[in-house]
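In UniProt numbering, the protein residues as written are 1 to 415.
Encoded structure:
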């Protein structure tokens with residue numbers, strides 16, 4: 001018998017680099033920065049990362065709580081780009097392409113799994129709308145297919161495609177490149193890269209007001225002292241309207257709770273993502289095995305990270321209707337985020353009445369999937385003082401001109 005070598009006797013993972021105790025520094029804010037980003041979620045951190053790539057590193061990311069503890073920690077991690085209008089398809093497809101190389105860019109495992117997404121059609125009108133969207137996607141170079149019920153069953157065998165249910169499946173759109181990623185890892189990867197570039201990430205630092213001089217903001221008042229700034233980038237998602245109120249700026253935003261839930265851990269049974277407007281649910285299976293389910297926003301307005309039980313009850317009933325195999329699964333936990341919604345279900349990105357304040361909000365339920373794309377485009381916008389062409393159609397002024405980008409249909413259930 002041969003004697004084991006030293007390397008063979010090492011425990012698994014011994015050759016991997018040691019994980020640092022901290023991925024980013026616990027910093028005290030300086031008195032002044034060239035750029036202050038308000039909001040330490042996915043969009044704020046991604047903006048910081050891409051600003052660093054542009055050579056701008058005198059930047060602070062101010063987060064009122066713990067890093068990425070808002071919607072970034074509370075979303076259902078769906079990633080797709082199959083939106084109807086050219087403007088939406090442009091930014092989401094750019095984001096998806098960045099997702100495909102993001103793990104290498106960040107040098108951090110984000111567990112991006114491209115398993116595809118099925119958007120089910122249950123009525124003749126659903127079919128017409130879905131086929132239209134598939135053709136629009138193809139014209140924009142986005143991978144999109146129309147599948148009949150039998151083909152849907154081949155992609156996801158556990159979907160109920162029988163005729164005996166309330167809303168029989170008449171087909172589905174399918175985007176093979178869509179997928180999911182581990183949201184916490186995404187935030188940590190962006191934070192680590194930004195920190196390595198010298199950007200300050202300041203947690204527990206709530207913005208309570210702004211110092212203005214005419215049409216410019218010269219500083220932010222925070223719970224950790226006043227901070228002077230050359231440029232302000234607002235990335236506060238559902239609390240954006242609170243910040244805009246401090247500046248006396250009105251925007252067509254409403255904040256709603258958005259609930260989601262997960263089941264107990266299960267063996268791998270669900271190979272893709274399934275979404276349905278008619279029965280109002282979307283379902284995927286996370287890396288650990290839990291089913292991740294969501295639906296639409298609560299009808300009430302508010303900033304609380306909680307919602308009504310009726311929403312959960314209805315989305316579980318819908319999930320069981322579409323997936324009878326889940327009937328005996330147990331609910332493990334539920335939660336809610338706070339999403340900011342615009343009248344046309346599209347974001348607001350670009351200028352504000354203040355010359356050095358830039359706005360990134362209104363993503364509703366689609367913020368996570370846009371994370372690298374909007375971070376890239378918003379950083380370019382902030383760096384050059386004008387909207388990048390990818391986000392130019394989403395300016396605040398469209399609600400005056402009427403040039404809306406109505407994505408209520410393609411926004412699906414909630415994502």
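No residue lacks a Cβ here, since even glycine has one placed at the ideal position from N, Cα and C.
Between which two residues does the beta strand (DSSP E) containing residue i stretch?
i: residue 130; result: Not the beta strand (DSSP E): residue 130 falls in the alpha helix (DSSP H), residues 124-139.
i: residue 186; result: Counting along the chain, residue 186 falls outside any beta strand (DSSP E), though it belongs to the alpha helix (DSSP H) covering 183-196.
i: residue 323; result: Counting along the chain, residue 323 falls outside any beta strand (DSSP E), and DSSP gives it neither H nor E.
i: residue 218; result: 216-222
i: residue 60; result: 59-62
Give me whichever residues DSSP pairs with residue i in a beta bridge.
i: residue 174; result: 118 and 145
i: residue 293; result: 261 and 283
i: residue 360; result: 349
i: residue 256; result: 339
i: residue 421; result: Coverage of the chain is limited to positions 1 through 415, which leaves residue 421 absent and any answer about it impossible.
i: residue 179; result: 79
i: residue 334; result: 261
i: residue 207; result: 222
i: residue 234; result: 38 and 359
Step through the CB atoms of chain C and report whether any lies within less than 8 Å of the CB of residue i.
i: residue 271; result: In the structure shown, chain C does not exist; there is a single protein chain.
How would you write the range of the alpha helix (DSSP H) that residue i sits in, first residue to last?
i: residue 99; result: 86-106
i: residue 246; result: 240-247
In three-state DSSP terms, what is residue i?
i: residue 402; result: coil
i: residue 27; result: coil
i: residue 492; result: What the structure shows of the chain is the stretch from 1 to 415, and residue 492 is not part of that stretch, so it cannot be assessed.
i: residue 49; result: helix
i: residue 368; result: coil
i: residue 113; result: strand
i: residue 77; result: coil
i: residue 158; result: coil
i: residue 212; result: strand
i: residue 163; result: coil
i: residue 152; result: helix
i: residue 38; result: strand
i: residue 201; result: strand
i: residue 273; result: strand
i: residue 421; result: A question about residue 421 goes unanswered here, because the residues of the chain that appear run from 1 up to 415.
i: residue 382; result: helix
i: residue 377; result: helix
i: residue 301; result: coil
i: residue 319; result: helix
i: residue 55; result: coil
i: residue 419; result: Since the first residue shown for the chain is 1 and the last is 415, residue 419 is missing from the structure and cannot be characterised.
Subject >> the stretch 43-60 in contact with the stretch 188-201 per 3-pair CB rule at 8 Å >> reply: With a cut-off of 8 Å, the stretch 188-201 and the stretch 43-60 count as touching, because enough Cβ pairs lie within range.
Original post:
Would you call the stretch 57-72 and the stretch 193-202 in contact, with 3 or more CB pairs under 8 Å?
Top reply: Yes, the stretch 57-72 is in contact with the stretch 193-202.
**OP:** Evaluate the contact criterion for the stretch 115-126 versus the stretch 392-400: three or more CB pairs, one atom per stretch, below 8 Å.
**Re:** Of all C-beta pairs linking the stretch 115-126 to the stretch 392-400, fewer than three are shorter than 8 Å, placing the two stretches out of contact.
Original post:
Can at least three beta-carbon pairs, one atom from the stretch 304-322 and one from the stretch 361-381, be found at a separation below 8 Å?
Top reply: No: the two stretches stay apart, fewer than three of their Cβ pairs being nearer than 8 Å.
Subject >> Any 3 or more C-beta pairs closer than 8 Å across the stretch 320-330 and the stretch 211-218 >> reply: Below 8 Å, too few C-beta pairs join the stretch 320-330 and the stretch 211-218 to call them touching: fewer than three.
Subject >> Segment contact, 8 Å Cβ cut-off, at least three pairs: the stretch 236-255 with the stretch 267-286 >> reply: Short answer: they don't touch.
Original post:
Does the stretch 166-183 come close enough to the stretch 105-118 to have 3 or more Cβ pairs within less than 8 Å?
Top reply: In short, these stretches touch, since the Cβ pair count reaches three.
Original post:
For the stretch 327-334 against the stretch 25-45, are there 3 or more C-beta pairs whose distance is under 8 Å?
Top reply: Touching, no, given that fewer than three Cβ pairs across the two stretches are closer than 8 Å.
**OP:** Evaluate the contact criterion for the stretch 250-268 versus the stretch 80-96: three or more CB pairs, one atom per stretch, below 8 Å.
**Re:** Too few Cβ pairs lie closer than 8 Å, so no.
**OP:** For the stretch 138-152 and the stretch 163-176, state whether three or more C-beta atom pairs, one from each stretch, are separated by less than 8 Å.
**Re:** Yes, the stretch 138-152 touches the stretch 163-176.
Original post:
For the 8 Å Cβ check, are there 3 or more pairs between the stretch 344-355 and the stretch 375-390?
Top reply: Put simply, the stretch 344-355 touches the stretch 375-390. At least three CB pairs are less than 8 Å apart.
**OP:** Pair every Cβ in the stretch 195-214 with every Cβ in the stretch 91-104, then say whether three or more of these pairs are closer than 8 Å.
**Re:** These segments do not touch.
Original post:
If we count Cβ pairs, one from each stretch, closer than 8 Å, do we get three or more for the stretch 335-352 versus the stretch 284-304?
Top reply: Yes, since at least three Cβ pairs between the stretch 335-352 and the stretch 284-304 fall closer than 8 Å, the two stretches touch.
**OP:** Could you say if the stretch 221-231 and the stretch 29-36 meet the contact criterion of at least three C-beta pairs nearer than 8 Å?
**Re:** Yes, since at least three Cβ pairs between the stretch 221-231 and the stretch 29-36 fall closer than 8 Å, the two stretches touch.
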